[in-house]
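> Residue numbers for the sequence shown, in my numbering: 883 to 1259.
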Amino acid sequence: MLSQDQFDRLIGLIYEAALESERWADFLGEYAAATGSDSMALVVQDLRHQRANVNATFRVDPASERSYEKYYASVNPWVVGRDTEYVSGAVTNSIRMISNTDLERTEYHADFLRPNNWMYSYGIVIRRDADLVSFLTGLRSQRSGPFGEAEEHLVERLMPHLQNALRVHRRLAGFNATLQAANEALDRLPHAVVITDGSRKILLANQTAERMLAANDGVYASARAIHARYPLDDRKLEASISRAALRELDAVRLGGTALTISRPSGRAALELLVWPLPVRSELGGHGPAAVLFITDPETDRTLGNQALHQLYGLTPAEAKLASALAAGKSLEEYASEAQVNISTVRTHLKHLFSKMSVGRQSELVRRILSGVSILET
């Protein structure tokens, strides 16, 4: 019988696993010891299509994990055809499902259980959503014997904690997936985006921003806080972020604060917009306070030729000309760099006008820069 300290440790590990997926293996190890299980696994299985993901294990060979996912989930006699038994909060025991004699006649036993020296199982159905079921399974050898009432009693005590932990884990996983998708979307933007707290600490920066900060030409990061190279610019930047953190009325009404940042290289100043974030930060002001949009006027925009082709039917040569014009180059400059005759370039320009339904070069450039081709990498 478990002591209270051992039981409390199991509960602690459950909630640690809810926050950090890698801790499920630690919990499974402790739980296996508490229940006399030779092996344990946390599995998510689709009962309709009999596909499975093995999310965490204790003393399970990785090859066996993969083979269960790829095939043996579909022939598991402890799961397949037992939809009514796999409901949230249920506890299953292999000795109540199928006799040893019948189990030993199955492919599942001959090719999956026996090579791993497993004979008995019990399952804890933590949650079921339609056909998707999440369960813990403990496994024992023939020598270790079947699971009994003591193990099932422990399961009943832990069940509410397991269910709460899985709810927390799923919400965090959903949040992390959304955050990852947002980060990938930000990385598609051609300008730098930085989110800071009220003390200028960088909470998030897209890839363009990371490259700009690493270049140390105008803005840079020190102790993960954003700074401008020159003291006057740095004070302006600090004041703008402070205003955003305080959510001053003027900063919101005027659409944030715009400023320029001089650069030691002598290149054109960076253009920066500091916009207050309409979210409530943590006590102490450590939450998101401002989003900074930074553009480099001298950055050449490389357009996505595939997008231009799909949108307008441009040929590779026409797409290259469109990209050059969007970067501010003249027809003559492009002809020289591409080593093509100016008459050929003018012919391509006429095709661009026709395909993109514009009549002037300025309209062409505006159409390109306002389109989605600038997002293609």
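Glycine is no exception: its CB is placed at the ideal position from the N, C-alpha and C atoms. Small disclaimer: the values here were computed from a predicted structure and weren't measured.
Within 10 Å of its beta-carbon, does Arg1082 have 16 or more other beta-carbons around it, so buried, or fewer, so exposed?
The count along the sequence shown starts at 1 and reaches residue 1082 at position 200. Arg1082 comes out buried.
> Hey, quick one: how far does the alpha helix (DSSP H) through Arg1070 stretch, first residue to last?
Locating residue 1070 in the sequence shown gives position 188, where the first residue counts as 1. Segment Glu1031 to Arg1070, the alpha helix (DSSP H) holding Arg1070.
> When DSSP builds the beta bridges, which residues end up paired with Asp928?
As a working note, residue 928 is residue 46 in the sequence shown. Paired residues: Arg933 and Leu1014.
> By DSSP's criteria, Thr974 is part of a beta bridge. Which residues make up the other side?
One-based indexing of the sequence shown puts residue 974 at position 92. DSSP lists Gly1005 as partners of Thr974.
> With a cut-off of 8 Å, does the C-beta of Arg1049 fall near any C-beta of chain B?
The structure shown contains no chain B, having only a single protein chain.
> Label Val925 either buried or exposed according to how many other C-beta atoms from any shown protein chain fall within 10 Å of its C-beta, with 16 as the threshold for buried.
On the sequence shown, position 43 is the one that residue 925 refers to. So Val925 counts as buried.
> In chain order, what residues of the same chain lie with their CB nearer than 6 Å to the CB of Ala1217, ignoring the 5 residues before and after it?
Counted from its first residue, the sequence shown places residue 1217 at position 335. Excluding sequence neighbours, Ala1217 sits near Ile1224 and Val1227.
> Should Asn1088 go down as buried or exposed, given a rule of 16 or more other Cβ atoms within 10 Å for buried?
Locating residue 1088 in the sequence shown gives position 206, where the first residue counts as 1. Per the 10 Å Cβ criterion, buried.
> Under a three-way DSSP split, which group does Glu1164 fall into?
Taking the sequence shown and counting its residues from 1, the one referred to as residue 1164 is at position 282. Low per-residue confidence applies at Glu1164: pLDDT is 49, beneath 50, and the placement is therefore not dependable enough to give any value.
> Express the C-alpha separation of Gly1030 and Asn982 in angstroms, rounding to a whole number.
Here residue 982 is taken as the residue at index 100 of the sequence shown, counted from 1. Here residue 1030 is taken as the residue at index 148 of the sequence shown, counted from 1. Distance between the alpha carbons of Asn982 and Gly1030 is about 16 Å.
> Which one or two residues does DSSP pair with Trp960 in a beta bridge?
Here residue 960 refers to the residue found at position 78 of the sequence shown. Answer is none; Trp960 lacks a bridge partner.
> Which parts of the segment 883-915 are runs of the alpha helix (DSSP H), unbroken and 4 residues or longer, counting only runs that do not cross its ends?
If we require 4 residues or more, the alpha helix (DSSP H) runs fully inside the segment 883-915 come out as 886-901.
> For the beta strand (DSSP E) that Val1076 lies in, which residues bound it at each end?
If you number the sequence shown from 1, residue 1076 lands on position 194. Val1076 -> beta strand (DSSP E) spans Ala1074 to Thr1078.
> Checking 8 Å against the spacing of the C-beta atoms, do Thr939 and Glu951 come in under that value?
Stepping through the sequence shown from its first residue, residue 939 is reached at position 57. Stepping through the sequence shown from its first residue, residue 951 is reached at position 69. Contact flag unset, no.
> Hey, would you say Ala1121 sits closer than 8 Å to Ala1171, going by beta carbons?
The residue labelled residue 1121 in the question sits at position 239 within the sequence shown. The residue labelled residue 1171 in the question sits at position 289 within the sequence shown. Contact: no.
> Hey, how far is the Cα of Val1050 from the Cα of Ala972?
Position 168 of the sequence shown holds residue 1050. Position 90 of the sequence shown holds residue 972. The alpha-carbon atoms of Val1050 and Ala972 are separated by roughly 20 Å.
> Should Lys1237 and Tyr1194 be called a contact, given that it needs their Cβ atoms to be closer than 8 Å?
Here residue 1237 refers to the residue found at position 355 when the sequence shown is read from its first residue. Here residue 1194 refers to the residue found at position 312 when the sequence shown is read from its first residue. Their beta carbons are under 8 Å apart, which means Lys1237 touches Tyr1194 by this criterion.
> Look at the alpha carbon of Ser1163 and the alpha carbon of Asp1079, and state the distance between them as a whole number of angstroms.
Within the sequence shown, the letter at position 281 stands for residue 1163. Within the sequence shown, the letter at position 197 stands for residue 1079. Per-residue confidence for Ser1163 stands at a pLDDT of 48, beneath the threshold of 50, marking its modelled position as unreliable; no derived number is given.
> So, using beta-carbon positions, are Arg1009 and Gln1062 closer together than 8 Å?
Along the sequence shown, one-based indexing puts residue 1009 at 127. Along the sequence shown, one-based indexing puts residue 1062 at 180. No, the Cβ-Cβ distance between Arg1009 and Gln1062 is not below 8 Å.
> Would you list the residues sitting across from Met922 in a DSSP beta bridge?
Counting from 1 along the sequence shown, the entry for residue 922 is found at position 40. Answer is Phe940 and Gly1020.
> Taking the straight line between their C-alpha atoms, what separation do you get for Thr966 and Asp1011?
In the sequence shown, residue 966 corresponds to position 84, counting from 1. In the sequence shown, residue 1011 corresponds to position 129, counting from 1. Rounded to whole angstroms, Thr966 to Asp1011 spans 13 Å at the Cα level.
> So, is Asp1132 buried or exposed, given that buried needs 16 or more other C-beta atoms within 10 angstroms?
Taking the first residue of the sequence shown as position 1, residue 1132 is located at position 250. In this predicted model, Asp1132 has a pLDDT of only 47, less than 50, meaning its place in the structure is not dependable; the value taken from the coordinates is given anyway. Under this definition Asp1132 is an exposed residue.
> For Ala1074, which residues of its own chain have a beta-carbon under 6 Å away from its beta-carbon, when the five flanking residues on both sides are left out?
By 1-based counting over the sequence shown, the position of residue 1074 is 192. Around Ala1074: Thr1090, Ala1091, Met1094 and Ile1176.
> Taking the C-alpha atoms as reference points, what is the distance between Phe1235 and Leu1154?
What you label residue 1235 is simply residue 353 of the sequence shown in a count that begins at 1. What you label residue 1154 is simply residue 272 of the sequence shown in a count that begins at 1. Each residue's Cα considered, the two are about 33 Å apart.
> Using a Cβ-Cβ cut-off of 6 Å (strictly less than) and excluding sequence neighbours within five positions of Asn935, which residues of its own chain qualify?
Working through the sequence shown from its first residue, we reach residue 935 at position 53. Taken in chain order, the residues that qualify are Val926.
> Can you name the residues that DSSP bridges to Ile1084?
The residue labelled residue 1084 in the question sits at position 202 within the sequence shown. According to DSSP, which records beta bridges pairwise, Ile1084 is partnered with Thr1078.
> Please classify Pro1042 as buried or exposed, where buried requires at least 16 neighbouring CB atoms within 10 angstroms.
Here residue 1042 refers to the residue found at position 160 of the sequence shown. The residue is exposed, with fewer than 16 neighbouring Cβ atoms inside 10 Å.
> Provide the residue span of the alpha helix (DSSP H) that contains Pro1198, from first to last.
By one-based count along the sequence shown, residue 1198 stands at place 316. Note, Pro1198: alpha helix (DSSP H), Pro1198 to Ala1208.
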